[in-house]
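Student: Same order as they appear, the protein sequences are chains A and B. 82 is the number that my numbering gives to position 82 of the first sequence; each next residue is one higher, with no gaps. 82 is the number that my numbering gives to position 82 of the second sequence; each next residue is one higher, with no gaps.
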Amino acid sequence: AQKITQTQPGMFVQEKEAVTLDCTYDTSDPSYGLFWYKQPSSGEMIFLIYQGSYDQQNATEGRYSLNFQKARKSANLVISASQLGDSAMYFCAMRVTGTASKLTFGTGTRLQVTL
Amino acid sequence: EAGVAQSPRYKIIEKRQSVAFWCNPISGHATLYWYQQILGQGPKLLIQFQNNGVVDDSQLPKDRFSAERLKGVDSTLKIQPAKLEDSAVYLCASSLAGGRETPKNIQYFGAGTRLSVL
Chain A
1 AQKITQTQPG MFVQEKEAVT LDCTYDTSDP SYGLFWYKQP SSGEMIFLIY
51 QGSYDQQNAT EGRYSLNFQK ARKSANLVIS ASQLGDSAMY FCAMRVTGTA
101 SKLTFGTGTR LQVTL
Chain B
1 EAGVAQSPRY KIIEKRQSVA FWCNPISGHA TLYWYQQILG QGPKLLIQFQ
51 NNGVVDDSQL PKDRFSAERL KGVDSTLKIQ PAKLEDSAVY LCASSLAGGR
101 ETPKNIQYFG AGTRLSVL
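See below:
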C-alpha cells in the first residue's frame, strides 16, 4: 500500500521569501509519480508540479521546484519568492504505475504568507 | 479551455435525506473521478470511471452511495440516505486517460460541492 506523510500542519513565510513544504512517501513499487496540488479557500485542487520516480532531474515549474530525494523517499516542494496569493493548503500525492489512477494524498500543509 | 464543472457548490440537508451532485469533466477527458474530502484530511477516491465503465469503486459505500456516468461524459454522485459522517467536500476530477502505463496522469479538479448533513 502507498502512504504519503506531511508532517507540517501549518507553515508561515514572509512575502518574497522561499519556503519548503515537506513530503515523505512509502511504496515498494519502483515506478511511481509524485504530485503537488494547491487548494485555496475556494476549494479547487490546482495541479502544481509532477516528479516521476525515474526522472533524473528535479522538476521545476516557474516558482515551484521539487526537491526529490529518492533514497530518503522524500519529495519536498520549494516555493521561491512567496506571494500573498500562495496562501493555501498544499497536498502531496502519489500514484503507482499499473494501478487504477488512484492518487493517494497526504493530510496537507496550510501555508500562510505574511507581509 | 473550460475546467471541470461541479454543482451545486453548497448543499445542506438533514440526515436520512438524499442528495445528488453533478460533474461535467474537461472536454475529451476519458477518465472521471469522485473524491470525498473530510475536513482536515486529503481527498479519498470514491469511484473512478473510464468512459462510462467503472474502474475502481472499492472505497464507495455502496449501501448508500451510487454514481453513474451516462454516455461517458457527465456524471452524478448520489447519497441516499445521508448520514452525519457524510459531511465533506465532494470533488470531481478528470484526466485524459486511465494512465495504467505511466504514473504521469494529471488529474484536474473541480471546485467541489461542500455538503453539510445536520
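Backbone N, C-alpha and C fix where the C-beta goes; we use that ideal spot for every residue, glycine too. Quantities reported herein were computed from a predicted structural model and do not represent experimental measurements.
#1: Got a sec? Which residues, its chain only, sit under 6 Å from residue 17(A) by beta carbon, not counting five neighbours each side?
#2: Just reading off the beta strand (DSSP E) that residue 10(B) is part of, what are its end residues?
#3: Going along the stretch 39–56 of chain A in order, which residues come within less than 9 Å of chain B, judged by CB to CB distance?
#4: For the stretch 3–20 of chain B and the stretch 82–92 of chain B, state whether three or more C-beta atom pairs, one from each stretch, are separated by less than 8 Å.
#5: When the Cα atoms are used, what is the spatial distance from residue 35(A) to residue 13(B)?
#6: Mind checking if residue 33(A) is an interface residue toward chain B, Cβ cutoff 8 Å exclusive?
#7: Between the alpha carbons of residue 10(B) and residue 71(B), how many angstroms are there, rounded?
#8: Identify the contact partners of residue 89(B) in chain A, using a Cβ-Cβ distance below 8 Å as the criterion.
#9: Can you list, in chain order, the residues of its chain whose CB lies under 8 Å from that of residue 39(A), leaving out five sequence neighbours each side?
#10: If you measure between the beta carbons of residue 130(A) and residue 24(A), is that distance less than 8 Å?
#11: Can you check which of these residues, 49(A), 75(A), 60(A), is closest to residue 22(A) by C-alpha distance?
#12: With a Cβ-Cβ cutoff of 8 Å, do residue 36(B) and residue 46(B) count as a contact?
#13: Contact check, residue 3(A) vs residue 29(A) under 8 Å by CB: the rounded distance?
#14: Below 8 Å between beta carbons: does that hold for residue 113(B) and residue 8(B)?
#15: If you count every other CB in all the chains shown that lies within 10 Å of the CB of residue 65(A), and 16 or more means buried, which is it?
#16: Quick one: which residues of the stretch 75–98 of chain A get their C-beta closer than 7 Å to a C-beta of chain B? List them in chain order.
Tutor: Answer, in terms of the structure:
#1: 82
#2: 10–13
#3: 39, 42, 43, 44, 45, 46, 47, 50, 52, 53
#4: yes
#5: 34 Å
#6: yes
#7: 26 Å
#8: 43
#9: 45, 46, 88, 89, 90, 91, 108
#10: A query on residue 130(A) cannot be resolved here, the shown segment of chain A reaching from 1 to 115 and no further.
#11: 75(A)
#12: yes
#13: Rounded, the Cβ-Cβ distance is 12 Å, inconsistent with contact.
#14: yes
#15: buried
#16: 91, 95, 96, 97, 98
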